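If you count by mature numbering (1 follows the signal peptide of the UniProt record, and there is no 0), then the sequence shown holds residues -29 to -1, 1 to 271, one letter each, in order. Here's the structure we're looking at; comments come further down.
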Amino acid sequence: MDNPRAFLRSLLRLAILALATLSPHAAGAVEPGSPPLWRIRDADTTIVVHALPMAIEPGMEILGTAARAAIRAADEVAVVDFTDAGSAGLLTGLTALAAGSKASGTLADDLPPDLLDRLKRRCGEIGLDFATIERARGWMAALTLLDRAVRHAGLERAGIRAAVRRFSREVGTPVVTVSNGAAYLAFAKDMTIDEDVAGLEQVLAVTADDGAAIRLQARAWWSGDVARWSAVAPSFQVRGSKLETFDRRQPLIIAGWIVERLERPGLAVLVVDLDSFVGAGDVPALLARSGLAVERVFSR
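Dropping the structure here:
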């Protein structure tokens, strides 16, 4: 990584942003009262995507009427979990990065006074003693803040997914896990190597009006066929940490799973993080451009 200190500051700013907003409604992505659903269809297959925010606000239903109905009727529920078997490796990588960088100081060293003051106020609002993180290494303070922000908002990601799995089993719908933990482990081992990879933005640029090409690329990525992917978009490069390049891959992995599942008839429910499904990597837009019927609905 060219600038470890800049990376750690970015991580800290992300933590402070989470504390400052806490609400999954902040970006306008979630309608009050319910996480959003999308229906993606071709001739003989329907996939209902249940997009979950990182934290659920009080009064928000994890499983509204439409989501429950879809799970009851589905052939299977697929739960995307990018951190299965990988979170420990990711933490190990961050720890090694921070420990090996003399540029990384404490939280007080890494943040300007205005952000420190803002952080102190937010810590007080969520019941976190600022003194416990003030002299901590930046990476540890960031992870502590993110964890406390999610807990304060009501539920952890694991708790949200557990509720979906529990209801699915109650109604007799099989549950499978779509996991890429091994990739997290690989990226955490060495977060300093620049890679030539194709990002979602390039997919849209290269195949702006060619739905078949988008499907081909998504399927190739999901299958791990990097050679085919590189042949489609050989000139695009993402320069930065391996963690950053992995974040760009998540939407493509999700889109690839959807394309694979559409080859089998029936109804499936896909449970995925909201930030992996929309945002910088807009999976609904990608799939709509591939000629699929994509409809957004809300669980009520």
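For every residue, glycine included, the Cβ atom is placed at its ideal position computed from N, Cα and C. Because the structure is a prediction, the values reported are computed rather than measured.
Element boundaries [alpha helix (DSSP H), containing residue i]
| i | result |
| --- | --- |
| T36 | T36 to A44 |
| I33 | Taken as a continuous stretch (DSSP letters only), I33 belongs to no alpha helix (DSSP H), as it is neither H nor E. |
| A107 | Careful: A107 lies outside any alpha helix (DSSP H) and carries neither H nor E. |
Residue i to residue j span [Cα, whole Å]
| i | j | result |
| --- | --- | --- |
| A239 | V147 | 11 Å |
| D100 | S5 | 32 Å |
| R39 | V19 | 11 Å |
| R232 | A49 | 10 Å |
| residue 329 | V135 | In the structure as shown, the chain starts at -29 and stops at 271, and residue 329 therefore has no counterpart that could be examined. |
| V254 | G227 | 10 Å |
| S139 | G262 | 30 Å |
| G143 | D15 | 22 Å |
| residue 284 | L257 | What the structure shows of the chain is the stretch from -29 to 271, and residue 284 is not part of that stretch, so it cannot be assessed. |
| I229 | A79 | 44 Å |
| R106 | L87 | 12 Å |
| L8 | A44 | 15 Å |
| I42 | A264 | 20 Å |
| R10 | E141 | 23 Å |
| G95 | G237 | 50 Å |
| D244 | D46 | 21 Å |
| K91 | S247 | 30 Å |
| L34 | V242 | 11 Å |
| T77 | G98 | 21 Å |
| T36 | A102 | 44 Å |
| V249 | A133 | 22 Å |
| R137 | P145 | 11 Å |
| E266 | I104 | 44 Å |
| D13 | E234 | 9 Å |
| E32 | H21 | 12 Å |
Under the three-state DSSP convention, the category residue i falls into
| i | result |
| --- | --- |
| S261 | coil |
| R10 | strand |
| A232 | The question names Ala, but residue 232 in the sequence shown is Arg. It is helical. |
| T144 | coil |
| V149 | strand |
| V135 | helix |
| V254 | helix |
Endpoints, the beta strand (DSSP E) within which residue i is located
| i | result |
| --- | --- |
| T16 | T16 to L23 |
| V243 | G237 to D244 |
Any non-hydrogen atom of the ligand SAH closer than 7 Å to residue i Cβ
| i | result |
| --- | --- |
| K91 | Questions concerning the ligand SAH fall outside what the structure shown contains, since it holds no ligand whatsoever. |
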